[in-house]
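Visitor:
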Amino acid sequence: MEMGAVQTFDAYVQSRQAVAEALTRDQHSMSFAFVSRCCQAAASPGPFSLLGSIRTATKRAGGTVRNHGGSPGKRLGLKKFSDQYVIPGNIIVRQRGTQFHPGQNVAMGRDHTIYATVPGYVRFYKQKWMRTERKFVGVVLVRGEKLPRDEAALGRSRYCGLMNLTALKARPPPPLAS
């Protein structure tokens, strides 16, 4: 046997004797589990023999973040693009504030959403306003038409959604009352 092993064994024997003496005394009451743990600690070789086994972390600790993710996006932006067909009620632009202003045949909701009021094709255009330019969105009834409309040359663009002109032409005119 080596010298270190003999010393360890001697320490083990001494600790067992100390435990036996402590158990025989009536003044001190120790639990059996505590006593057996002390004996095992004294008997085991290594630098931490008197402290018992040391458990280390097996999972990495989570770090901290500064930006915390935030909230989901609000789905703002263009919903219909230039020359796309829209029907009344279709949302063309969802925005905060007025990046785009309502032009011909569109309206603006209370949250600045621009939507179509007539069926037609979407047009985006810029128009001079005071010292800057404003971006406008409009809807034209005919695909090739441009905005802003030259009303002096072409006249006003009118849409009557409630009249069915083909049904009027198919019906004979009512008789005149005499």
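Taking this note's numbering, the leading residue of the sequence shown gets 107, the next gets one more, and so forth.
A virtual CB, placed ideally from N, CA and C, is assigned to each residue, including glycine.
1. T272 to Y265, Cα distance in whole Å?
2. Is the number of C-beta pairs between the segment 236-248 and the segment 194-212 that are closer than 8 Å three or more?
3. Please confirm whether P194 and T170 have their CB atoms less than 7 Å apart.
4. Hey, could you find the ends of the alpha helix (DSSP H) D257 is sitting in?
5. So, does the segment 214-232 touch the segment 183-191, judging by three or more C-beta pairs under 8 Å?
6. What residue ranges within the segment 215-243 form continuous beta strand (DSSP E) runs of no fewer than 3 residues, ordered along the chain?
7. With burial defined as no fewer than 16 other Cβ atoms inside 10 Å of the residue's Cβ, what is the status of L253: buried or exposed?
8. Which of the three DSSP states, helix, strand or coil, is assigned to R166?
9. With the cut-off set at 7 Å, would you say Q201 and H218 are in Cβ contact?
10. Look up Y118 in the DSSP assignment and say whether it is helix, strand or coil.
Guide: Taking the coordinates as given:
1. 15 Å
2. yes
3. no
4. It is Glu, not Asp, that sits at residue 257 in the sequence shown. Residues E257 to L260.
5. Three or more beta-carbon pairs separated by less than 8 Å link the segment 214-232 to the segment 183-191, which places the two stretches in contact.
6. 220-222 and 226-235
7. It is buried - the Cβ of L253 has at least 16 other Cβ atoms within 10 Å.
8. coil
9. yes
10. helix
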